[in-house]
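Structure first, then comments.
Residue numbers (the UniProt record's numbering): 1 to 112.
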């Protein structure tokens, strides 16, 4: 049932028009799409998501300066490689830095 609803909404979103009626239709379809997405998304978390959630503020704080390093040292590399370096590489480093800050008792740095 949920898959059918999402597919129907997706098809409805492809319908376009130029009048006020189509704008209203578009808003209604968007609302239905958001509600359908809410129903489809699972209501549970995994151990990995809980670890990331626990460290999310530190990841956010430490990840940003690392991104600037990559853009400074590798300005002309492939976008896919840049995403891989920033998301996986520096995300992992930021996660480790957050854990280190917490173990050193400097939790105030990450808002704890």
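Ideal placement from N, C-alpha and C gives every residue a C-beta, glycine not left out.
If you run the structure through DSSP and keep just helix, strand and coil, what is residue i?
i: residue 106; result: coil
i: residue 98; result: helix
i: residue 5; result: Reliability fails at residue 5, whose pLDDT of 48 lies under 50, so the model's placement of it is uncertain and the value that follows must be treated cautiously. DSSP places residue 5 in helix when its eight states are reduced to three.
At the level of alpha carbons, what is the spacing between residue i and residue j?
i: residue 82; j: residue 104; result: 31 Å
i: residue 65; j: residue 101; result: 16 Å
i: residue 51; j: residue 93; result: 14 Å
i: residue 67; j: residue 22; result: 42 Å
i: residue 75; j: residue 87; result: 16 Å
i: residue 70; j: residue 106; result: 26 Å
i: residue 98; j: residue 47; result: 17 Å
i: residue 43; j: residue 63; result: 28 Å
i: residue 61; j: residue 85; result: 17 Å
Starting from the C-beta of residue i, find all residues in its chain whose C-beta is less than 6 Å away, skip the five residues before and the five after it, and write them out in chain order.
i: residue 18; result: Summary for residue 18: the model assigns pLDDT 49, below 50, so the residue's position carries little reliability, and this model does not support an answer.
i: residue 54; result: none
i: residue 45; result: none
i: residue 25; result: none
Residues in its own chain within less than 7 Å of residue i by CB, not counting five upstream and five downstream?
i: residue 111; result: 57
At the 9 Å Cβ level, is residue i part of the contact set with chain C, yes or no?
i: residue 98; result: Within the model displayed, chain C is absent; a lone protein chain is all it includes.
Excluding sequence positions up to five away, which residues of its chain have a Cβ less than 8 Å from the Cβ of residue i?
i: residue 79; result: none
Is it true that the CB of residue j sits closer than 9 Å to the CB of residue i?
i: residue 59; j: residue 89; result: no
Quiz item: What alpha helix (DSSP H) runs, 4 residues minimum, are completely inside the UniProt domain "Acyltransferase 3" (30 to 90)?
Solution: 47 to 54, 56 to 73 and 79 to 83
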